[in-house]
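Q:
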Amino acid sequence: MKRIDEESFISAYDDYADALFRYAYFRVYDRERAKEIMQEAFLKTWEYLASGKKITNVRAFLYRTVHNLSVNEAVRHKAYSLEEMQEVAGFDPAETKEATPEEAAEYQLVLAALEKLEEAERDVIVMRYVDGLPVQEIAHILKEAPNTVSVRIHRALQKVRDQLQP
Amino acid sequence: MNPENKLISIQKRVALTDTEKAEGRGRLLAHMALTKRKAEPSPLSFMAVMQVRYGAAFLALLLLSGGGVLAASEDATPGDTLYGVKLTVTEPTLVALTFNRKEKAALEVEYAERRLKELTVASKAKTLDEGTTRLIAASLENRIEGAEEEISELVREGEGGDAYHANSELRGVLSTHAKILKKVAGEDPTLAAISLQIEASATASVAAEPELTAALDSQESRGVLRESVEESQEEVVAILEDLRIDMESASTTLDQDDHVTLTDSLSEVTGILEAATREKDEGSAKEALKLYSSADSMLGELKTLIEAEQELGLDLIGGEE
Chain H
22 MKRIDEESFI SAYDDYADAL FRYAYFRVYD RERAKEIMQE AFLKTWEYLA SGKKITNVRA
82 FLYRTVHNLS VNEAVRHKAY SLEEMQEVAG FDPAETKEAT PEEAAEYQLV LAALEKLEEA
142 ERDVIVMRYV DGLPVQEIAH ILKEAPNTVS VRIHRALQKV RDQLQP
Chain Z
101 MNPENKLISI QKRVALTDTE KAEGRGRLLA HMALTKRKAE PSPLSFMAVM QVRYGAAFLA
161 LLLLSGGGVL AASEDATPGD TLYGVKLTVT EPTLVALTFN RKEKAALEVE YAERRLKELT
221 VASKAKTLDE GTTRLIAASL ENRIEGAEEE ISELVREGEG GDAYHANSEL RGVLSTHAKI
281 LKKVAGEDPT LAAISLQIEA SATASVAAEP ELTAALDSQE SRGVLRESVE ESQEEVVAIL
341 EDLRIDMESA STTLDQDDHV TLTDSLSEVT GILEAATREK DEGSAKEALK LYSSADSMLG
401 ELKTLIEAEQ ELGLDLIGGE E
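Okay, structure coming up:
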C-alpha cells in the first residue's frame, strides 16, 4: 500500500476540499459551519495518519469523517430550513454570482428541491450529481450495496424532477 | 435544462472561494507541521508476523478486540497487511451479521465480484504473488458457494422471485468477469484456471434456472410475486439511468466501435424492459420478473465492461473477443 505522505495529503485537500465542503453544506445548511466541518475532517484525518494508522481510500475516509462530524454538529445545533434562513436574514447559501435573475431563481428552486429530500437521499444526490462520484464509491463510503444506492438515487432524482416541474 | 444538469450546476455555485481554500490549506499545513508522524511500520510488523504464524487464533483474537481492526481492513487491497483479515474475517462476519436472506445473497454476490475485480486489477498491475492469489481464489470459492446456498435457501423459503433475481445477478457477474479474466490471464496458468472455475460456476447458475423457474411458478400461483417484480423494475430502471451517466462520462475514452456496441446493447435492454412492462401490465408477473432480471444482468455486464475498459485499458466492448 502506498504511504500517504504530506504532499499527497495536501493534494487530497486540493482535490476534495470543495466536494467535502458541499457534502457538509447540504447536511448543516450553514456555510461557515460546513467550512469548519470540512477543515476539521482534514485535521482529524491527518492526526489519524500521524498516529501511525493506515488509510487505503483517503476520499472515502474523509467523506465518512465529514458525515460523522455533521451528525454531531446537527445534534449540537438546530438545523434551520432554507426557507427559515431566507426569511430571517435574507440568507444566501453560497458566494453566488448569478448571471441573470432567472438563473438565480432557478438555482433557488433546485436548492429548495434538495432541501425537501430526506437526508439520506440528499447525501447520495449530492455525491452522485453535484460531486460526480461513481455509485460504487458512494456505496463504499456509505457501506451499502451499490444497487441499494442506485435505487435511492433514482427515487431521489424522481422527487427532484417532481419538485422542478412547472 | 434537465434536473441532472441543474444539480451539476450547483457545483460551481456552492464552492469555496479561492481565499477560503488557501486559508484552509494554510491551516492544514500548519497543523501537519505540528503533528509529527510516527515511523511507518515495517512490512514484517508484529501484526503481519502474527497473522502468518498463528492464523485462526489471531483472527479469533481480532474478533474479540472490538472490531477496530475489522473496520480498518475493509478498504484493504491485495498486498496490504490487512487484506487477509478482510477476506477471512471481516467479510464473513458482515455476511453472518446480515439476517435478511435476500440481502445476504446480494452481499455474497457483491463480495464475489469485489474479489474478481481485485484479482484483475492486481494481475494487470503485476502485484500478485502466489500467496495472495491462493487467498483470493479461496475467498472467491467461499463467496460463490455462499451465494449459491443463500439462493437455495430463498427457494426453500418460497421466495422464488428473489432467488431468481439473485441467481441472475450471480450469473451475470461470473460470466462477465470470466471474460475479463481470460483476457488478463494471458499465459498465467493459475489465472487461466481461476477463469475456467468461474466459467463453470456461471454454467452451474444457468443449470439452476429450471428449478428457479419452478419456484417462480409456485410464488406466482400464490399471488405474491408482484412485490419482487416491482423491486426488480425499480432496480433495473435505476441501473439503466446510472449506466447512461457512466456512458456520458466515458464518452471521450471509448472508441467508435465501443459506442456502436453500447448503443446497440442499450437498445436491446430498452426493448427487454418494454416487453417486461407489457408482461407486468398483462398480469404475468413471472415473465416480467424473468425479463427484468435478464435486463439487470445485461446492464451489470455493460457497466463492468465500461469500467474495465477505463480502469484497465482492456478492449472488451467493441473489440474482438
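Chains as they are written, first to last, in our numbering: chain H, 22 to 187; chain Z, 101 to 421.
Here a beta-carbon is modelled for each residue, glycine too, at the ideal position from N, C-alpha and C.
With three or more beta-carbon pairs closer than 8 Å as the criterion, would you say the segment 174 to 190 of chain Z touches the segment 364 to 382 of chain Z?
A: Too few Cβ pairs lie closer than 8 Å, so no.
Q: Scan the segment 206 to 225 of chain Z for residues whose Cβ lies nearer than 8 Å to a Cβ of chain H and list them as they occur along the chain.
A: Taking 8 Å as the Cβ-Cβ cut-off against chain H, the residues of the segment 206 to 225 of chain Z that qualify are 206, 207, 210.
Q: Using the three-state DSSP reduction, which class does residue 175 of chain Z fall into: helix, strand or coil?
A: DSSP places residue 175 of chain Z in coil when its eight states are reduced to three.
Q: So with CB distances below 8 Å, who are the chain Z contacts of residue 93 of chain H?
A: What residue 93 of chain H touches in chain Z: nothing, since even the nearest Cβ is about 18 Å away.
Q: Would you check if there are 3 or more beta carbon pairs closer than 8 Å linking the segment 209 to 226 of chain Z to the segment 263 to 279 of chain Z?
A: Contact holds: three or more Cβ-Cβ distances are below 8 Å.
Q: Assuming residue 167 of chain H and residue 160 of chain H make a contact with CB atoms under 8 Å, what is their CB distance in whole Å?
A: Indeed, because the Cβ distance is near 4 Å, the residues count as touching under 8 Å.
Q: Is the separation between the beta-carbon of residue 140 of chain H and that of residue 80 of chain H shorter than 8 Å?
A: No.
Q: Please report the distance separating the alpha-carbon of residue 225 of chain Z from that of residue 291 of chain Z.
A: Taking the straight line from one Cα to the other gives about 14 Å.
Q: Taking the alpha-carbon positions, what's the residue 356 of chain Z to residue 51 of chain H distance?
A: Roughly 46 Å between the two C-alpha positions.
Q: On the three-state DSSP scale, how would you describe residue 72 of chain H?
A: DSSP places residue 72 of chain H in coil when its eight states are reduced to three.
Q: So residue 318 of chain Z packs on residue 260 of chain Z, CB below 8 Å; how close in whole Å?
A: About 6 Å; that satisfies the 8 Å criterion.
Q: If distances are taken between C-alpha atoms only, which option among H:133, H:148, H:64 comes closest to residue 183 of chain H?
A: Among H:133, H:148, H:64, the Cα nearest to that of residue 183 of chain H belongs to H:133.
Q: Mapping DSSP to helix, strand and coil, what is residue 42 of chain H?
A: Helix.
Q: For a test of the three-state rule: what should DSSP assign to residue 157 of chain Z, helix, strand or coil?
A: For residue 157 of chain Z, the predicted structure reports a pLDDT of 46, less than 50, and the residue's modelled location is therefore unreliable. A value from the coordinates is still provided. Three-state result, residue 157 of chain Z: helix.
Q: Do residue 179 of chain Z and residue 232 of chain Z have their CB atoms nearer than 8 Å?
A: In contact: residue 179 of chain Z and residue 232 of chain Z (Cβ atoms closer than 8 Å).
Q: What is the DSSP secondary structure of residue 309 of chain Z, counted as helix, strand or coil?
A: Residue 309 of chain Z falls in the helix class under three-state DSSP.
Q: Taking only beta-carbon positions, decide if residue 177 of chain Z is within less than 8 Å of chain H.
A: Yes, contact with chain H.
Q: Are the C-beta atoms of residue 131 of chain H and some chain Z residue less than 8 Å apart?
A: Yes, contact with chain Z.
Q: Step through the CB atoms of chain H and report whether any lies within less than 8 Å of the CB of residue 347 of chain Z.
A: Cβ-Cβ to chain H under 8 Å: no for residue 347 of chain Z.
Q: Are there any heavy atoms of the ligand HEM lying less than 7 Å away from the beta-carbon of residue 308 of chain Z, as far as the coordinates show?
A: Only the bare structure without any ligand can be found here, which leaves the ligand HEM out of the picture.
Q: How about residue 263 of chain Z and residue 326 of chain Z: do their beta carbons lie closer than 8 Å?
A: Not a contact, by the Cβ cut-off of 8 Å.
Q: Pull up the distance between the alpha-carbon of residue 41 of chain H and that of residue 84 of chain H, whole angstroms please.
A: Each residue's Cα considered, the two are about 7 Å apart.
Q: Spatial neighbours of residue 110 of chain H within its chain, please: C-beta separation below 6 Å, excluding the five flanking residues on both sides.
A: Residue placement at residue 110 of chain H is flagged as unreliable, the pLDDT there being 38, under the threshold of 50; the coordinate-derived value follows with that caveat. None.
Q: When you compare each of H:186, H:179, H:46, H:28 to residue 87 of chain H by their alpha carbons, which one comes out closest?
A: When only C-alpha atoms are compared, the closest one is H:46.
Q: Is residue 170 of chain H closer than 8 Å to residue 107 of chain Z when the C-beta atoms are compared?
A: Taking 8 Å as the Cβ cut-off, residue 107 of chain Z and residue 170 of chain H do not qualify as a contacting pair.
Q: Strictly under 8 Å for the Cβ-Cβ distance: is residue 29 of chain H near chain Z by that measure?
A: Residue 29 of chain H does not count as touching chain Z.
Q: Between which two residues does the alpha helix (DSSP H) holding residue 262 of chain Z run?
A: Unbroken alpha helix (DSSP H) run through residue 262 of chain Z: 260 to 285.
Q: Between which residues of its own chain and residue 155 of chain Z is the CB-CB distance below 8 Å, once the five residues before and five after are set aside?
A: In this prediction, residue 155 of chain Z has a pLDDT of 44, which is less than 50 and means its spatial position is unreliable; what the coordinates show is noted afterwards. Hits under 8 Å: none found.
Q: Indicate the three-state DSSP secondary structure (helix, strand or coil) for residue 289 of chain Z in the structure shown.
A: Helix, per DSSP.
Q: Looking only at its chain, what residues have a beta carbon closer than 6 Å to the beta carbon of residue 316 of chain Z, apart from the 5 residues adjacent to it on each side?
A: Excluding residues within five positions, the ones whose Cβ falls inside 6 Å are 260, 264, 386.
Q: Hey, is residue 359 of chain Z's beta-carbon within less than 8 Å of any beta-carbon in chain H?
A: Not an interface residue.
Q: Go through its chain and collect everything with a Cβ distance to residue 145 of chain Z's Cβ below 8 Å, but skip five positions before and after it.
A: Residue placement at residue 145 of chain Z cannot be trusted, given a pLDDT of 39 that sits under 50; the coordinates are not used to answer.
Q: What's the call for residue 122 of chain Z, buried or exposed, on a 16-neighbour Cβ count within 10 Å?
A: Burial call: exposed.
Q: Mind listing the chain Z neighbours of residue 51 of chain H? Cutoff is C-beta to C-beta under 8 Å, in chain order.
A: Within chain Z, no residue comes near residue 51 of chain H; the closest Cβ sits about 12 Å away, beyond 8 Å.
Q: By the 8 Å beta-carbon criterion, what residues does the segment 54 to 72 of chain H contribute toward chain Z?
A: Cβ contacts with chain Z: 56, 59, 60, 63, 64, 67, 68, 70, 71, 72.
Q: To be precise: take each residue of the segment 118 to 136 of chain Z, compare its Cβ to all Cβ atoms of chain H, and keep it if any distance is under 8 Å. Which residues remain?
A: Answer in chain order: 120, 121, 124, 125, 127, 128, 129, 131, 132, 135, 136.
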